[in-house]
Amino acid sequence: TRVDYCLDQKKKFTFRKWHAEIGGDICIAHRITLRGKKYTVVTNADAMGKSIQGAGGAIVYGVAFLSNIMRTIENRSEQDTTPSSWLETIYRDLQAIFESFDGSMLISAVIGLIDEENGLMWHFNCEHPWVVRYRGGRAEFVDSEEKTGRKIGTIGIAEMHIQESQLDPGDAIILGSDGRDDVLIGFDEQTGSRIINEDETL
Numbered sequence: 119t120r121v122d123y124c125l126d127q128k129k130k131f132t133f134r135k136w137h138a139e140i141g142g143d144i145c146i147a148h149r150i151t152l153r154g155k156k157y158t159v160v161t162n163a164d165a166m167g168k169s170i171q172g173a174g175g176a177i178v179y180g181v182a183f184l185s186n187i188m189r190t191i192e193n194r195s196e197q198d199t200t201p202s203s204w205l206e207t208i209y210r211d212l213q214a215i216f217e218s219f220d221g222s223m224l225i226s227a228v229i230g231l232i233d234e235e236n237g238l239m240w241h242f243n244c245e246h247p248w249v250v251r252y253r254g255g256r257a258e259f260v261d262s263e264e265k266t267g268r269k270i271g272t273i274g275i276a277e278m279h280i281q282e283s284q285l286d287p288g289d290a291i292i293l294g295s296d297g298r299d300d301v302l303i304g305f306d307e308q309t310g311s312r313i314i315n316e317d318e319t320l
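Now the structure itself:
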């Protein structure tokens, strides 16, 4: 299993000799073992708010997410669980943390586990752009409206739906934050203004 990611935050700045960027998007990939089987863990998330507020949410998310990863790696008893149960645990932990902000910090996210031996993938989506599977030159959504939960941290609504997908050799799974579908598709001949795709299902 190979994971590539691209992170391009909206706010970019220069300070002395450093060039940096700040925002609420975060990508994490890791490897864990559950009941003797190796899994690749992936997440793509987007914290609510621009620049500083979003960055704060991304830091909280990253710390909590990696804490769960490290606990699983270092504690054998944490490894004695199924992929679905592991995902439920990490969701409950994240939901409890973000609920403590009383609705002022929400985060959309996809978290997935991929069995490195047989290609079976388990994931859940919390109001994030849908997961895409690219197979044989064709892209299709893995998610659906009825299986997409509310943002993590939504007060009084803790819902997630674990989905299973079979990946074949050569398949690619694409996770992405909002804006990935905002593609420039042309220019208006009369006004010269840009035409931006607004169809998130395209």
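Be aware that the sequence shown starts at 119, since it is given in the working numbering, and climbs by one per residue.
All C-beta atoms in this analysis are idealised placements derived from N, C-alpha and C, irrespective of residue type, glycine included.
Give me the Cα-Cα distance between M239 and V250, rounded to the nearest whole angstrom. 13 Å
Among A257, G141 and V228, the one whose alpha carbon lies nearest that of K265: V228
With C-beta atoms as the reference, is L302 less than 8 Å away from R312? yes
Runs of beta strand (DSSP E) lying entirely within the stretch 151 to 186, each at least 3 residues, in chain order: 155 to 165
Give every residue of the same chain whose Cβ lies closer than 7 Å to the Cβ of Q127, excluding the five residues on either side of it in the sequence, and list them in chain order. E139, I140, G141 and D143
Cβ atoms of I146 and V178: under 8 Å apart, would you say? no
My understanding is that V121 touches L231, with C-beta atoms under 8 Å, so please give their C-beta distance in whole angstroms. Not really, about 13 Å apart at Cβ, beyond 8 Å.
Taking C-alpha atoms, which residue in I225, I187 and E206 lies nearest to Q171? I225
Rounded separation between D317 and I292 - CA only: 17 Å
What is the DSSP secondary structure of A276, reduced to helix, strand or coil? coil
Between which two residues does the alpha helix (DSSP H) carrying T132 extend? Where T132 is concerned, there is no enclosing alpha helix (DSSP H), although the beta strand (DSSP E) it sits in stretches over K129 to F133.
Closest Cα partner of N243 within the set H279, Q213 and G255: H279
Tell me, please, which residues DSSP counts as bridged to W136. F133
When the Cα atoms are used, what is the spatial distance from N186 to E307? 53 Å
What separation, rounded to the nearest whole angstrom, lies between the Cα atoms of F133 and G294? 29 Å
Kindly indicate which three-state DSSP category T266 falls into: helix, strand or coil? strand
Which term fits G304, buried or exposed, when burial requires 16 or more other beta carbons within 10 angstroms of its beta carbon? exposed
What are the partner residues of R120, as DSSP defines its beta bridges? According to DSSP, which records beta bridges pairwise, R120 is partnered with nothing at all.
Rounding to the nearest angstrom, what Cα-Cα distance links G288 and T119 in this structure? 10 Å
Taking its Cβ as the centre, do 16 or more other Cβ atoms sit within 10 Å of G267, making it buried, or is it exposed? buried
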